[in-house]
Amino acid sequence: MVKFLLLALAFGLAHAHAEVDGKWQTIVIAADNVDKIEVERPLRLYLRELTCNEECSEMGVTFYVNLNGQCSKTTVTGYKQADGSYRTQYEGDNKYELVYLTEEHAVFTSKNVDRAGTETNLIFVLGKGGPLNKEEHEKLVKFAEDKNIPTENIRNVLATDTCPK
């Protein structure tokens, strides 16, 4: 029985690894500190790719930031922590966690602590297609409320994504 559970766990991790690897695009960002995610602000990330090593102990995140009309490509590596979250440095210290994954969508929660010590809690919704449908948006609104992020702080970023694909 124990061998079966270990095999199931290993298969589940390999399956998650396969699903998270690949091309993604930021659909929506929400934050309790909305100033950080407005157009041309540092945490308005236009994601392009996620990569995981074999055990997904390291997650590469490739994205663009559009500041002053210039798209700057950045890749950071998040290192898996004991609690299953990832940590990296970008505009301060970041701790992020994959909370939902399907073939079409990935949802991450994140906490950024900038150099001044300001904490920003975020939700990133990634996709492989177009915008969220009405039902998906309603689920996001509920999730944002559960995370104490005002629903008026939800930003659709697809319309402002002018960076290279």
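With the sequence shown counted from 1, adding 5 to any position gets you the numbering used here. Here a beta-carbon is modelled for each residue, glycine too, at the ideal position from N, C-alpha and C.
- DSSP lists 69 as the beta-bridge partner residues of residue 51.
- Between the alpha carbons of residue 27 and residue 103 lies a distance of about 15 Å.
- Looking at the DSSP output, residue 117 shares a beta bridge with 99 and 125.
- For residue 33, the enclosing beta strand (DSSP E) stretches over residues 30–36.
- Taking 9 Å as the cut-off, the beta carbon of residue 100 is found no closer than this to the beta carbon of residue 77.
- Around the CB of residue 120, fewer than 16 other CB atoms lie within 10 Å, so the residue is classed as exposed.
- For residue 141, the secondary structure class from DSSP, reduced to helix, strand or coil, is helix.
- As DSSP reads the structure, residue 106 sits in a beta bridge with 111.
- Secondary structure at residue 170: coil, using DSSP grouped into helix, strand and coil.
- Around residue 134, the same chain offers 109 as residues with beta carbons nearer than 8 Å, after the five sequence neighbours per side are excluded.
- When rounded, the separation of the alpha-carbon atoms in residue 164 and residue 124 is 27 Å.
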